[in-house]
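Be aware that the sequence shown starts at 1476, since it is given in our numbering, and climbs by one per residue.
As structure tokens, the structure follows; a few thoughts come after it.
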Amino acid sequence: MEELSQVKQQIKTFVADCGDARSLELLELLAEGKMLRSKLILKIAGITTQSIELCAVVEMIHAASLLHDDVIDEADTRRGKPSINALFDNKTSIMFGDILYSKAFTQLSQMDKEIAYTVSNAVTLLSIGELHDVELTNTFNSSYKKYLDMIDKKTASLIEASAKTAAILVNKDKEAFALYGKNLGLAFQMVDDILDITQDSATLGKPAMLDFVEGKVTIPYLLLHERLEDKQALEKLYKKDLSVDETSWIKQKMKETQALEDSIKLAQKLGLEAIEAIKDENNEDLQNIMKAMIEREF
Ligand code: FPP
Ligand code: MG
């Protein structure tokens, strides 16, 4: 996508504006992502100076949140490359995150008031979502409501804000696009949670089946726990370094109870609800974004 390189260039320009060579160096070391939020914005709002700037702001906020998240999660890799905290240290990752985040907000303050409000409010939700995510790893969480609320804030909020603000830019139905973004975001996180179980570490770019070891009771585990007669058998493995046998036991039980299959169905249902929200908009590309995301290899 040619327009995504315009977004990357805009991010470089914004960081160069900060007047600090080290920040530009660190920017070069960030692994490239899928730029889902930019794809959404550009599909909804088209390619203009304003939409490219909005993409850059959202991507910088997203990158900042990941720089902080990798410190919080003590992650060594990000998208298959060494993370900044692994390459240097936690301090560098946090401070570079702060720079990207602050510069993004400086740019946001120059934009339309409703856009600035929507994006900045999403970042508050994102931060609350991260707090809840971490706190939910203290003890085994068996509440679907808490899980859903957490992924809504941690992941869906910024995707929702991206779709909504793109619609605001071009006077489209902002509420419909917000709902599209929210459901897409929820489905996106659920797909991520499923891939943690179904894919190998080479494909994931990080160790496989790490979520449960880290204390995250994601959707497939929630359904499995609900359906197991011997719930303790699963609870005993919580936050443990899993042996090969334990890993296969979990996978086997997920098959038997259809916890995995139903998690996939739930993500697909949310995906369909996303499409339903914008059915009047006739935007095939947006439907394809959703489909491509849902159909990532399970
Ligand atoms: C990745 O989750 C983390 C997020 C989507 C949000 C992180 C948010 C913060 C750290 C709040 C601070 C925000 C700013 C802007 C500084 P994950 O750990 O489940 O996914 P992963 O496997 O990709 O790490
Ligand atoms: Mg993480």
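Ideal Cβ positions, reconstructed from N, Cα and C, are used throughout, including at glycine.
Which partner residues of residue i appear in the DSSP bridge assignment?
i, result
"Lys-1730", "According to DSSP, which records beta bridges pairwise, Lys-1730 is partnered with nothing at all."
"Pro-1695", "Paired residue(s): none; Pro-1695 is not in a bridge."
"Lys-1639", "Note: Lys-1639 sits in no beta bridge, so no partner."
"Arg-1449", "Here the chain comprises residues numbered 1476 to 1773, so residue 1449 is not present and cannot be evaluated."
Does the beta carbon of residue i fall short of 7 Å from some heavy atom of ligand 2?
i, result
"Ala-1653", "no"
Would you check whether ligand 1 has a heavy atom nearer than 7 Å to the C-beta of residue i?
i, result
"Leu-1601", "yes"
"Thr-1488", "no"
"Ala-1550", "yes"
"Ser-1558", "no"
"Ile-1536", "yes"
"Tyr-1619", "no"
"Val-1598", "yes"
"Gly-1660", "no"
"Glu-1477", "no"
"Gly-1690", "no"
"Gly-1572", "yes"
"Lys-1629", "yes"
"Tyr-1576", "yes"
"Glu-1605", "yes"
"Leu-1541", "yes"
Count the other CB atoms, across all protein chains shown, that sit within 10 Å of the CB of residue i; report buried if there are 16 or more and exposed otherwise.
i, result
"Gln-1484", "exposed"
"Gln-1664", "buried"
"Asn-1560", "buried"
"Gly-1572", "buried"
"Lys-1740", "exposed"
"Asp-1668", "buried"
"Asp-1760", "exposed"
"Arg-1512", "buried"
"Lys-1754", "exposed"
"Ser-1618", "exposed"
"Ala-1496", "exposed"
"Glu-1731", "exposed"
"Lys-1766", "exposed"
Grab me the residues of residue i's own chain with a C-beta within less than 6 Å of its C-beta, minus the 5 sequence neighbours each way, in chain order.
i, result
"Leu-1775", "There is simply no residue 1775 to check, as the chain begins at 1476 and stops at 1773 in what is shown."
"Ile-1694", "Met-1665, Asp-1668 and Ser-1738"
"Asn-1616", "Val-1692"
"Leu-1600", "Lys-1628 and Ser-1632"
"Leu-1745", "Asn-1658, Leu-1661 and Ala-1662"
Using a Cβ-Cβ cut-off of 8 Å, state whether residue i counts as contacting chain D.
i, result
"Met-1510", "You won't find chain D in this structure, because it holds only one protein chain."
Below 7 Å CB to CB, which residues in the same chain sit around residue i once its five sequence neighbours on both sides are set aside?
i, result
"Ala-1734", "Pro-1695, Leu-1698, Leu-1699 and Arg-1702"
"Asp-1686", "Asp-1668, Asp-1671 and Thr-1693"
"Lys-1728", "Leu-1699 and Leu-1703"
"Pro-1557", "Asp-1551"
With a threshold of 7 Å, establish whether the CB of residue i neighbours any heavy atom of ligand 4.
i, result
"Leu-1515", "Although ligand 4 was asked about, the structure shown includes only ligand 1 and ligand 2 as ligands."
Residues in its own chain within less than 8 Å of residue i by CB, not counting five upstream and five downstream?
i, result
"Arg-1771", "Val-1666 and Leu-1670"
"Thr-1593", "Ala-1636, Lys-1639, Thr-1640 and Ile-1643"
"Tyr-1622", "Leu-1611, Asn-1616, Val-1692, Thr-1693, Ile-1694 and Leu-1697"
"Glu-1503", "none"
"Leu-1499", "Lys-1487, Val-1490 and Ala-1491"
Name all residues in chain order for which at least one heavy atom of ligand 2 lies closer than 5 Å to the residue's CB.
-> This criterion selects Asp-1544 and Asp-1548.
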